[in-house]
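Protein chains: 2
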Amino acid sequence: MLRYLTGAGFFAIMLAALNPAAAADAAAGKTKAAKCTVCHGLDGLAKNPDAPNLAGDSANYIRKQLDAYKSGERKDPQMTIMAKDLSDDDIADLAAWYSSLKVTVEMPK
Amino acid sequence: MLRYLTGAGFFAIMLAALNPAAAADAAAGKTKAAKCTVCHGLDGLAKNPDAPNLAGDSANYIRKQLDAYKSGERKDPQMTIMAKDLSDDDIADLAAWYSSLKVTVEMPK
C-alpha cells in the first residue's frame, strides 16, 4: 500500500507517528475534561484555590504536567488520582482542549 | 504599648501574624516579578511553551508552587534556580501580584 502514498502523504504519516501531539483532538479533550471542571472550571479558570487555571496554557506544558502526575514525578492528592488512568491520547486531547482556550488579561490600573 | 491598642487594632495585628498572606503586597510583587516575565510574560501569559500562565491563578496555588520549588518538593531546571533565593515575603508578594490579574476566556465556537 505504501507505494500508493504521495511523498507528502508519507511525510504527514511519519510526522504523526513521530509527534503524538499531531493526533490531539481538542473537541474530544473538551468531553474528556468533564471531570476536570470541578476544580479547573468549565472555561479552564480554577474554581478551587488549590488548582491552577489551565485556559490558554501551552499544550506542551499541560502534557508534561499530566505525564509527571501519571509517572509520580509530580505529586498532588487530587491530580495523582486523576492522572493515573489517562492514556497518552487522553493527555494529548486534554492538552489540545485547554490550550485552545483564548485568554485575555486586564492589568490593574 | 499594648494597652493603647484598640480591640480592632489588636485583632488586626494578630490576624497579620497568623496569616502571612495578609502582608502580601501586589505592587511589590509586580516589581519582584521582573525576572519572571521572560518566561511568564509581562501580563502573566507565558511566552515559553515550557512555562504556565500565572495570570489570575490563586495566591494560594502560586505560593504553594514557589514553596515546593524552593524546598525541592517540585523540581524544574528553571524554577528550582529561580525559587531558591526567594524569601517568604517575596513569595507572598509574587502570589499577590499574579493573582490580582483579571483573566477572561473566549471559548471556541
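Heads up: the sequence lines are chains B and E, in that order.
Just add 53 to the spot in the first sequence (first one is 1) and you have the numbering used here.
Just add 53 to the spot in the second sequence (first one is 1) and you have the numbering used here.
Where a beta carbon is used, it is the ideal one built from N, C-alpha and C, also for glycine.
Quick caveat, the model's predicted, so the values are computed rather than measured.
Any 3 or more C-beta pairs closer than 8 Å across the segment 147-157 of chain E and the segment 133-146 of chain B: no
Neighbouring residues, chain B, relative to E:R127 (Cβ below 8 Å): R127
Buried versus exposed, by CB contacts within 10 Å (16 or more), B:S111: buried
Three-way DSSP call (helix, strand, coil) for E:K155 in this model: strand
Three-state class that DSSP yields for B:L119 in the structure shown: helix
The segment 100-115 of chain E / the segment 97-116 of chain B touching (three or more Cβ pairs under 8 Å): yes
Residue-level contact to chain B via CB, E:D110, 8 Å cutoff: yes
Residue of B:K137, B:M132, B:V158 minimising C-alpha distance to B:C89: B:M132
Residue span of the alpha helix (DSSP H) that contains B:M135, given as start and end: 130-136
Residues that B:L119 contacts on chain E, provided the C-beta gap is smaller than 8 Å: Result: empty, since nearest Cβ-Cβ is about 13 Å, beyond 8 Å.
Simplified DSSP state of E:A99, which is helix, strand or coil: coil
Cβ pair E:D96, B:M160 closer than 8 Å: yes
Buried/exposed call for B:K123, threshold 16 Cβ in 10 Å: buried
For B:N106, the three-state DSSP class (helix, strand or coil): coil
Between the CA atoms of B:G82 and B:R127 - distance to the nearest angstrom: 22 Å
Chain E contacts from the segment 93-104 of chain B (Cβ-Cβ distance under 7 Å): D96, G97, L98, A99, P102, D103, A104
Supposed contact pair B:V156 and E:L107 - C-beta distance, whole angstroms, cut 8 Å: Contact flag wrong, Cβ pair sits at about 11 Å.
Buried versus exposed, by CB contacts within 10 Å (16 or more), E:G109: buried
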